[in-house]
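A.B. asks: In the numbering used here, the protein residues as written are 5 to 338. We put the CB at the ideal spot given by N, CA and C, even for glycine. Remember, it's a predicted structure, so these values are computed and weren't measured experimentally. The structure is given below, and queries will be raised subsequently.
Below, the structure is given as structure tokens:
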């Protein structure tokens, strides 16, 4: 995120490079940087003759180079944006000659999503000398809640830890989806608001009481009544609560709990650091550790591996996922 801010600042200040090669597994920042260049480098009057958007599936590397070598008309720069440039992956190394001597009056932007170029080959080494090469890496699940807080803080909003966790568990690590939902909340809620689970439930449709976060919390407390209520709700609404997601999140929780048991220093700060969780959730692990000794946690982890396979249809094609989830809960709480 800091690297993106610096990139945007440089572009705003006119510190432009002839090539921006934007690559990586996470498309969110690739789109953000590309859109910023598209919207700001040229004035509205200049864009008609000097801004072009190409698509990797429709062009060749030679086409891209040919367009990039043209001169701008009545403007300092022309901007060429190649979207879905990963479709050129088989021939992308042909760009190396242009990268050695790029047209300085052209800003060439390549959006190379979901993959990276080979860093051992000539193109990458050449781009390192003459271009901006930005790699957008996928965030780990435990990093997304902090990303949400940072994004909101720049817009003068805050978010309750539980609300952030609800978004992560419902939307996963797809930053574009999360950003879209945050945009909706910012339209509805005034600046300075702390976004709560109630806001999430009312405006996004994620139940604040019947979700994976609450299920994990109930299981950690060994609150069987609450856990069964949530599982019954999941069984009645399987499309909104796929078992494979629930099993994955519970596996992550019990794996962290196994790690917790092995810690010598169980101070809140060390636990938060070691497990890579928000300090707000440390007490959940302390409580769960009292209710699940290390041997039981190991058994639960093995059980979750077994039910992960079953949730994907292996050996249980005829069993409804709701019934599988109930069976899993019995084994965890027994």
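Using three-state DSSP, classify residue 83 as helix, strand or coil.
C.D. replies: Taking the chain shown and counting its residues from 1, one reaches residue 83 at position 79. In the structure shown, residue 83 sits in a strand (DSSP, three-state: E or B).
A.B. asks: Where does residue 174 fall in DSSP's three states?
C.D. replies: Sequence index remark: in the chain shown, residue 174 carries index 170 (1-based). DSSP places residue 174 in helix when its eight states are reduced to three.
A.B. asks: Using the three-state DSSP reduction, which class does residue 24 fall into: helix, strand or coil?
C.D. replies: Walking along the chain shown from the start, residue 24 turns up at place 20. Residue state, collapsed to three classes: strand.
A.B. asks: Can you tell me the Cα-Cα spacing of residue 159 and residue 305, whole angstroms?
C.D. replies: Position 155 of the chain shown, counting from 1, holds the residue named residue 159. Position 301 of the chain shown, counting from 1, holds the residue named residue 305. Taking the straight line joining both Cα atoms gives about 40 Å.
A.B. asks: Just to confirm, are residue 201 and residue 164 a CB contact at a threshold of 9 Å?
C.D. replies: As a working mapping, residue 201 is identified with position 197 in the chain shown. As a working mapping, residue 164 is identified with position 160 in the chain shown. Cβ atoms of residue 201 and residue 164: closer than 9 Å.
A.B. asks: Taking the CB atoms as reference points, tell me whether residue 72 and residue 112 lie closer together than 9 Å.
C.D. replies: Numbered from its first residue, the chain shown carries residue 72 at position 68. Numbered from its first residue, the chain shown carries residue 112 at position 108. In this structure, residue 112 lies closer than 9 Å to residue 72 by Cβ.
A.B. asks: Given a cut-off of 9 Å on the beta-carbon distance, is the pair residue 142 and residue 30 in contact?
C.D. replies: Within the chain shown, numbered from 1, the residue matching residue 142 stands at position 138. Within the chain shown, numbered from 1, the residue matching residue 30 stands at position 26. In this structure, residue 30 lies closer than 9 Å to residue 142 by Cβ.
A.B. asks: Reducing DSSP to helix, strand and coil, say where residue 229 ends up.
C.D. replies: Indexing the chain shown from 1 puts residue 229 at position 225. DSSP, read as helix, strand or coil, puts residue 229 in helix.
A.B. asks: If distances are taken between C-alpha atoms only, which option among 324, 197 and 74 comes closest to residue 246?
C.D. replies: Along the chain shown, read from residue 1 onward, the residue named residue 246 stands at position 242. It is 324 whose Cα lies nearest to the Cα of residue 246.
A.B. asks: Touch check for the segment 201-215 and the segment 38-57: three-plus C-beta pairs under 8 Å?
C.D. replies: no
A.B. asks: Does residue 55 come out as helix, strand or coil in the three-state DSSP assignment?
C.D. replies: Within the chain shown, residue 55 is the residue found at index 51, counting from 1. The answer is strand: DSSP assigns residue 55 an E or B state.
A.B. asks: Evaluate residue 2 with the Cβ neighbour count: other Cβ atoms within 10 Å of its Cβ, from every protein chain shown; 16 or more gives buried, anything less gives exposed.
C.D. replies: Here the chain has residues from 5 to 338 only, and residue 2 is not among them.
A.B. asks: Is there contact between the segment 23-43 and the segment 129-142, where contact requires at least three CB pairs shorter than 8 Å?
C.D. replies: yes
A.B. asks: Do residue 110 and residue 81 have their C-beta atoms within less than 9 Å of each other?
C.D. replies: As a first step, residue 110 must be located in the chain shown, where it is residue number 106. As a first step, residue 81 must be located in the chain shown, where it is residue number 77. Contact flag set, yes.
A.B. asks: Would you call the segment 282-298 in contact with the segment 179-187, where contact means no fewer than 3 C-beta pairs closer than 8 Å?
C.D. replies: no
A.B. asks: Indicate whether the contact test is met: 3 or more Cβ pairs, each with one atom in the segment 248-257 and one in the segment 209-220, closer than 8 Å.
C.D. replies: yes
A.B. asks: Check for me: the alpha helix (DSSP H) holding residue 66 runs from which residue to which?
C.D. replies: Locating residue 66 in the chain shown gives position 62, where the first residue counts as 1. Segment 65-72, the alpha helix (DSSP H) holding residue 66.
A.B. asks: Residue 116 by DSSP, collapsed to three states: which one?
C.D. replies: For this step, residue 116 is matched to residue 112 along the chain shown. Reduced to three states, the DSSP call for residue 116 is strand.
A.B. asks: Unbroken alpha helix (DSSP H) runs of length 4 or more, entirely within the segment 87-114: which are they?
C.D. replies: 100-104
A.B. asks: Any heavy atom of the ligand FMN within a distance shorter than 8 Å of the CB on residue 53?
C.D. replies: No copy of the ligand FMN occurs in the structure displayed, which carries no ligand at all.
A.B. asks: Provide the residue(s) that pair with residue 198 in DSSP beta bridges, ordered along the chain.
C.D. replies: Sequence index remark: in the chain shown, residue 198 carries index 194 (1-based). Beta-bridge pairing links residue 198 to 162.
A.B. asks: If residue 100 sits next to residue 130, beta carbons under 8 Å apart, how far is it from one beta carbon to the other, in whole angstroms?
C.D. replies: Within the chain shown, residue 100 is the residue found at index 96, counting from 1. Within the chain shown, residue 130 is the residue found at index 126, counting from 1. About 5 Å; that satisfies the 8 Å criterion.
A.B. asks: Closer than 8 Å is the cut-off here; do at least three beta carbon pairs connect the segment 262-276 with the segment 285-293?
C.D. replies: yes
A.B. asks: Closest to residue 95 by C-alpha separation, out of 41, 106, 76 and 68, would be which residue?
C.D. replies: Position 91 of the chain shown holds residue 95. Here the closest residue by C-alpha is 68.
A.B. asks: What three-state label does DSSP hand residue 350 in the structure shown?
C.D. replies: In the structure as shown, the chain begins at 5 and stops at 338. Residue 350 is therefore absent and cannot be evaluated.
A.B. asks: Give me the residue from 227, 230 and 300 with the minimum Cα distance to residue 261.
C.D. replies: Position 257 of the chain shown, counting from 1, holds the residue named residue 261. Residue nearest to residue 261 within the set 227, 230 and 300 is 300 (criterion: CA-CA distance).
A.B. asks: So residue 323 is in the alpha helix (DSSP H); what residue range does that whole segment cover?
C.D. replies: For the purposes of this step, residue 323 is identified with residue 319 of the chain shown, where counting begins at 1. Note, residue 323: premise wrong, no alpha helix (DSSP H); not H, not E.
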